[in-house]
Amino acid sequence: MDKLTKLNIAMSIEKTYTSFMRNCIILFSLGLTIINLTKRRRTEKFFLSFIVMFSGILLGGLSSKEYYDRIKLIENGDYEKINLLSKTLKITAGIIFLFFILLCYKIANMNDKYGFINNIKKKKKKKKKKKK
Numbered sequence: 350m351d352k353l354t355k356l357n358i359a360m361s362i363e364k365t366y367t368s369f370m371r372n373c374i375i376l377f378s379l380g381l382t383i384i385n386l387t388k389r390r391r392t393e394k395f396f397l398s399f400i401v402m403f404s405g406i407l408l409g410g411l412s413s414k415e416y417y418d419r420i421k422l423i424e425n426g427d428y429e430k431i432n433l434l435s436k437t438l439k440i441t442a443g444i445i446f447l448f449f450i451l452l453c454y455k456i457a458n459m460n461d462k463y464g465f466i467n468n469i470k471k472k473k474k475k476k477k478k479k480k481k
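Anchor point for the sequence shown: position 109 equals 458 in the numbering used here, and the numbering is continuous, going up by one each time.
So this is what it looks like as structure tokens:
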């Protein structure tokens, strides 16, 4: 493989690494923001922020390990051994799942407080009665 192709592969791996590190910093900052800006119960707030910060740190650690492993493979010329799918995809999927659960939790809390789902059901029943 020529030097230009080797450089191109190394640069694309570096771009992916910087993207994952940016996400790591964003998640860690989000965890700190949750601690400082939310008015939730203390235990719930610290648990949520700890999970978000831990997932950011885990994402940063795994992406760093993966980056250096891939660079070693490029230096040794073992291009065939480079995995196309990243190990950090599992963590990213877990973070998305966590945020989905938090969204459902928030909707349930808002429904308990404001009852907006019950109001939607009542409006549908009223429309059905008007049509009859």
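Note that CB positions come from ideal geometry on N, CA and C, so glycine has one too.
For lysine 414, the enclosing alpha helix (DSSP H) begins and ends at 391–425. Judged by DSSP secondary structure, aspartate 461 falls within the alpha helix (DSSP H) whose first and last residues are 437–463.
Within the same chain, Cβ atoms closer than 8 Å to the Cβ of serine 413 are found at Tyr366 and Met370, the five residues on either side in sequence being excluded. In the three-state reduction of the DSSP assignment, asparagine 432 falls in the coil class, being assigned neither a helical nor a strand state. Spanning the alpha carbons of lysine 473 and threonine 392 requires a straight line of approximately 39 Å. Between isoleucine 362 and tyrosine 416, the beta carbon gap of about 6 Å places them in contact (Cβ cut-off 8 Å).
Membership of lysine 355 in the alpha helix (DSSP H) is indicated by the continuous run 352–386. Contact between isoleucine 440 and serine 404 holds: their C-beta atoms lie close to 6 Å from each other, under 8 Å. Distance between phenylalanine 395 and leucine 381, taken at the CA atoms: about 9 Å.
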